[in-house]
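Below is one structure, written out as structure tokens; comments come after it.
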Amino acid sequence: MQHVIRKQVIDLHIDKQLDSFRIQQLLSDHFWRVLVPLLGNEFDKISTENEVISLERVEIDLGLIRETEINKAVWSTDLLEPLKNQVREVILSEITVSPQPSVKRSFVANGYRKWLYYMQNGHLPWNVSSVDSEWYNQVMEELAINYSSITELKKEIIGNPILLTRIIRQHTPVFLISLLEVLTAEKQPKLLWAIDKILPKKSKQNPGASSLLSDPSFDFYEEIWHEILKRSSLEGHKKTPDELLNMVLDFQSEKIRLEGLGSIADKKVPDPDFPSKGAAVAIAGKEASLLDVGPVAHLPGLPDAGNAQNKKMVKEGIYVQHTGLVLIHPFLNSLFNQLGLLAGKSFANTELQERAVYLLHYVVTGRTKAEEYELVLPKILCGYPIDFPVKANVRLSAKQRKEADHMLQAAIASWEILKSTSPDGLREGFLQRSGKVLIENEKIKILVEKAAIDVLLDHLPWNLSIIKLPWLEEIIKVEWR
């Protein structure tokens, strides 16, 4: 079984006459060589394959350890047995005494909680590095068997537009239909057909295909799903499959009518990032309230990247992918300017800022498509709020990809010791490093995972410890070596 410890602290008080550095090294060696396997064995005995135990803190008192014991290559049974007993007693006590269900969950419930965290925050919880299809199966299973989880999710869908937008943008139509069927406790056999029917001709695809998520008409598709999921989550407003079907089929004509009226009253084209809100309409003579009408009207304007919510998340520390992206920071301003993404010292608009986020993902991976949890570092470097959902339909042009490749080649050429390294070699050797983002002294700090090849950083011809970009209000500190 896999066990994960977020942070371990060894609090050691020693005699002033002893060599503190040597004792620290010896104890560190013992921890990794002896204590970590011991803890793993004890955790195995306490837990099972079908459950997850989560504890905020486990404190073990090793008592008085003599220097002679620390110096031994193998610790005695007299020292290890009390440690084992303490581990079992502390954990079992927490499980028994704590009234919180969060201490002990089923494997399926735990998967759902992690998914919900991702939907709320835009990044993965600290104990998840990636996701797979099994994760989404766990979400559906938990919602199908746990009424409290369904109730919680409905409240989030109604009251949290950011979460709802992320659910729509980060999942396939097939997943959304499955989610809707759980929310309504009804099969929805014709809904994908209806949605496909009203989409503009250029956007029509196989309604179950994930390619729909990268379609230029995704705003229209997104509006429909917002209305469907919100309506289906309201207590006392349960919609039958036929009612939802009619609502979708009537949606297009009513939207066209509203937009026509709007164009007569005001010839201005609505800004998709700062939409009007509160429009109410009647659909097919039935009582209905479209809470937010207009392109991505369900979302507020893009908040400041330094808002309190983002600082709170980063202050607690976020484990992220691709922190090595900080390596090529001196080249970003030139890249974005060449591609016309900037207006002076800022991004020209939110759409181009999102394009810059995806461009940095391409720089580090060579891929144009991304899950949102892969975009935390690109968001930070582009001054985009971590918790704000990016669109899933951003497409990079051949020119943009070509310029990104040229930038990597320029970075390699400037770093002479790399010689004939390819862009993919730079990606795999340096850019695709895991790491951690946190707030230290009110500044963002990025910690990059170390590797043996990092000796080459000694020959780097530019500064890596401080990042200052024109569009960022604050500097970013980097700790790599």
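In the working numbering, the protein residues as written are 112 to 592.
The C-beta atom is built at its ideal place from N, Cα and C for all residues, glycine as well.
Extent of the continuous alpha helix (DSSP H) run through V285: 284 to 295
For W226 and P352, the rounded distance between their alpha carbons: 27 Å
Straight-line gap, F286 to E465 (C-alpha atoms, nearest Å): Taking the straight line from one Cα to the other gives about 24 Å.
Which residues DSSP lists as bridging K265, in chain order: As far as DSSP is concerned, K265 takes part in no beta bridge.
Counted within 10 angstroms of its Cβ, other Cβ atoms place I256 as buried (16 or more) or exposed: I256 is exposed by the Cβ-count criterion.
Short Cβ contact (8 Å threshold) for S576 with K588: yes
Counted within 10 angstroms of its Cβ, other Cβ atoms place I116 as buried (16 or more) or exposed: Counting Cβ neighbours within 10 Å, I116 comes out exposed, since fewer than 16 surround it.
Which residues DSSP lists as bridging F154, in chain order: According to DSSP, which records beta bridges pairwise, F154 is partnered with nothing at all.
Helix, strand or coil at Y495 according to DSSP, with G and I counted as helix: Here Y495 carries a coil assignment [DSSP, helix/strand/coil].
L519 in three-state terms, based on DSSP: Helix.
Straight-line Cα distance separating V474 from E539: Rounded to whole angstroms, E539 to V474 spans 11 Å at the Cα level.
Three-state secondary structure (DSSP) of V548: strand
Nonlocal neighbours in the same chain, by C-beta distance under 8 Å from L190, ignoring five residues either side: So the list reads L173, I176, E180, once near-sequence residues are dropped.
Residues of its chain near I586, where Cβ-Cβ distance is below 6 Å and the 5 sequence neighbours each way are ignored: I577, K579
Option nearest S525 by Cα separation, candidates I439, G455, I497, K490: I439
Through-space distance from E192 to S321, alpha-carbon basis: Summary for S321: the model assigns pLDDT 38, below 50, so the residue's position carries little reliability; its value from the coordinates is reported in the next sentence. If you take the alpha carbons of S321 and E192, they lie about 54 Å apart.
Straight-line Cα distance separating G233 from F499: The alpha-carbon atoms of F499 and G233 are separated by roughly 7 Å.
Burial state of H570 (16 or more Cβ within 10 Å): exposed
Among N460, T461, L486, nearest to H472 - alpha-carbon criterion: L486
Three-state secondary structure (DSSP) of L453: Reduced to three states, the DSSP call for L453 is strand.
CB contact flag (I339, L355, <8 Å): yes
Cβ pair count under 8 Å reaching 3, the region 214 to 225 against the region 250 to 266: These segments touch.
G428 to P236 span [Cα, whole Å]: 10 Å
Cβ-based burial, S102 [other Cβ within 10 Å; buried from 16]: A question about residue 102 goes unanswered here, because the residues of the chain that appear run from 112 up to 592.
Coil, strand or helix - R538 by DSSP: helix
8 Å Cβ cutoff met for E584 and K556: Not a contact, by the Cβ cut-off of 8 Å.
Proximity to I206 [Cα-Cα], best of S240, F154, Y229, W246: Of S240, F154, Y229, W246, the residue nearest in Cα terms is F154.
C-alpha distance - P318 paired with L302, whole-angstrom precision: Below a pLDDT of 50, predicted positions are generally treated as unreliable, and P318, at 45, falls in that range; the measurement from the model is reported next regardless. Approximately 10 Å between the Cα atoms of the pair.
Whole-angstrom distance between V548 and Q113, CA atom to CA atom: The C-alpha of Q113 lies about 24 Å from the C-alpha of V548.
Beta-carbon proximity list for P572, same chain, < 8 Å, skipping 5 on both sides: S525, W526, E527
Residue from V120, K215, S131, L150 with nearest C-alpha to S165: Per the Cα distances, K215.
Opening and closing residue of the alpha helix (DSSP H) in which K225 lies: Where K225 is concerned, the enclosing alpha helix (DSSP H) stretches over 218 to 232.
I394 in three-state terms, based on DSSP: Model confidence at I394 stands at a pLDDT of 26, short of 50, so the residue's coordinates are unreliable and nothing is read from them.
Residue range of the unbroken alpha helix (DSSP H) whose run includes E465: 461 to 476
Proximity below 8 Å, CB of F458 to CB of L450: no
Simplified DSSP state of V250, which is helix, strand or coil: V250: helix per DSSP, three-state reduction.
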